[in-house]
Amino acid sequence: MNAPRMTAPRAVAPDIDGLGTWLPIPGFGLLAINAFLIHAPQPVLVDTGLASQRTEFLEHLRARIDPAALRWIWITHTDLDHIGNLAAVLELAPAARIVTTYLGMAKMNLAGLPVDRVYLLNPGQSLDIGDRMLQAVSPPCFDAPETTGLLETRNRTLFSADCFGALLEAPAENAAAIEPQALRTGMASWARVDAPWLDRVEAGAFGRTLAAVRALEPARILGSHLPPAEGMTETLLENLDAARAAPAFAGPDQAALERLLAAA
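Sequential numbering from 946 applies to the sequence shown in my numbering.
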């Protein structure tokens, strides 16, 4: 697998579809790139995938909903794998507003994206989408200060943004299908890439952020970079806590990069 590959859209939780891509990272394995669609009286798209997959992403989105019916586009943060198709979706969804924070709006503006349809929501605040609430939360791990996950209150589904991501050796339908040690190692590898500051956090302070996730009592966790994880909250929290002691990430130098590219 040498190029990103989108998988068929599928139900990943009650009223929630996944729009997923597997992205090969030469020398490091595969990374899931997930967007999600929440079916509600006011439908919500969570993130917008990779720009390089635009045609297929929009086809998959249309297979699950008429984009014109979207009312909200929740951007967990403004990294390119989360906003890659934002402008294209906005054109197809004239009634949709973009949920983000003030910092997210500022970074969108710097990227030349429209900010006239932004709806600002901070962690701790909630959005009513007709038959349930979406509660904005701060994940324990992140690589951008505007990162905002969400708890969907009807089915206790936690969308965790980059937190709980994993570099994997092969695609998986769900996190439970991943061999436990491979999941633990893959999560540690990703955490030290995405949050290089992790080993600098005092254990007690980090434990309190993990406890805040536990207190939400999610039935499942839908991560941007992990297959769906049903009933695995404690496993994911333990793996993330253990990642604090994992070796720091050191990327390849130019010579190593050329070898990786040649092999790929």
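The beta-carbon is built from N, C-alpha and C at its ideal position, and this holds for glycine as well.
Reduced DSSP category for residue i - H, G, I as helix; E, B as strand; rest coil
i, result
"residue 958", "strand"
"residue 1174", "strand"
"residue 1181", "helix"
"residue 1248", "Residue 1248 lies beyond the residue range present for the chain, which begins at 946 and ends at 1209; the question has no answer from this structure."
"residue 1138", "helix"
"residue 969", "strand"
"residue 1073", "strand"
"residue 1194", "coil"
"residue 946", "With a pLDDT of 47 at residue 946, under the threshold of 50, the predicted position of this residue should be treated as unreliable, though the coordinate-derived value follows. Residue 946: coil per DSSP, three-state reduction."
"residue 977", "strand"
"residue 1113", "strand"
"residue 1158", "helix"
"residue 1011", "coil"
"residue 1209", "coil"
"residue 1092", "coil"
"residue 1125", "helix"
"residue 1087", "coil"
"residue 1120", "helix"
"residue 1107", "coil"
"residue 1056", "coil"
"residue 1152", "helix"
"residue 1147", "coil"
Pair within 8 Å by beta-carbon distance, residue i and residue j
i, j, result
"residue 962", "residue 1007", "no"
"residue 1021", "residue 1092", "yes"
"residue 977", "residue 1172", "yes"
"residue 1143", "residue 1182", "no"
"residue 1012", "residue 995", "no"
"residue 965", "residue 951", "yes"
"residue 1169", "residue 1107", "yes"
"residue 993", "residue 1034", "yes"
"residue 1017", "residue 970", "no"
"residue 1127", "residue 1114", "yes"
"residue 1102", "residue 958", "yes"
"residue 1080", "residue 1096", "yes"
"residue 1141", "residue 1195", "no"
"residue 1086", "residue 1139", "yes"
Rounded C-alpha distance that separates residue i from residue j
i, j, result
"residue 1125", "residue 998", "31 Å"
"residue 1109", "residue 1185", "7 Å"
"residue 982", "residue 1165", "15 Å"
"residue 1058", "residue 1032", "7 Å"
"residue 1176", "residue 1163", "8 Å"
"residue 989", "residue 1204", "42 Å"
"residue 1004", "residue 1030", "12 Å"
"residue 1084", "residue 1146", "14 Å"
"residue 1123", "residue 968", "17 Å"
"residue 946", "residue 991", "Here residue 946 scores only 47 on pLDDT, less than 50, and its place in the model should not be relied on; the value that follows carries that caveat. Between residue 946 and residue 991, the C-alpha separation is close to 26 Å."
"residue 1062", "residue 1047", "13 Å"
"residue 1100", "residue 1069", "18 Å"
"residue 1051", "residue 1090", "12 Å"
"residue 1199", "residue 1208", "14 Å"
"residue 1160", "residue 1153", "10 Å"
"residue 1187", "residue 1078", "32 Å"
"residue 1132", "residue 1111", "4 Å"
"residue 1105", "residue 1056", "24 Å"
"residue 1174", "residue 1189", "21 Å"
"residue 1040", "residue 987", "10 Å"
"residue 1191", "residue 1134", "8 Å"
"residue 1116", "residue 953", "13 Å"
"residue 1053", "residue 1023", "7 Å"
"residue 1180", "residue 984", "28 Å"
"residue 1158", "residue 1136", "17 Å"
Per DSSP, the bridge partner or partners of residue i
i, result
"residue 951", "966"
"residue 1211", "The displayed coordinates of the chain run from 946 to 1209. Any statement about residue 1211 would go beyond what the structure contains."
"residue 1063", "1043"
"residue 989", "983 and 1017"
Output the residue ranges of the beta strand (DSSP E) runs that lie fully inside the stretch 1019-1053 and measure 3 residues or longer, sorted by chain position. 1042-1045
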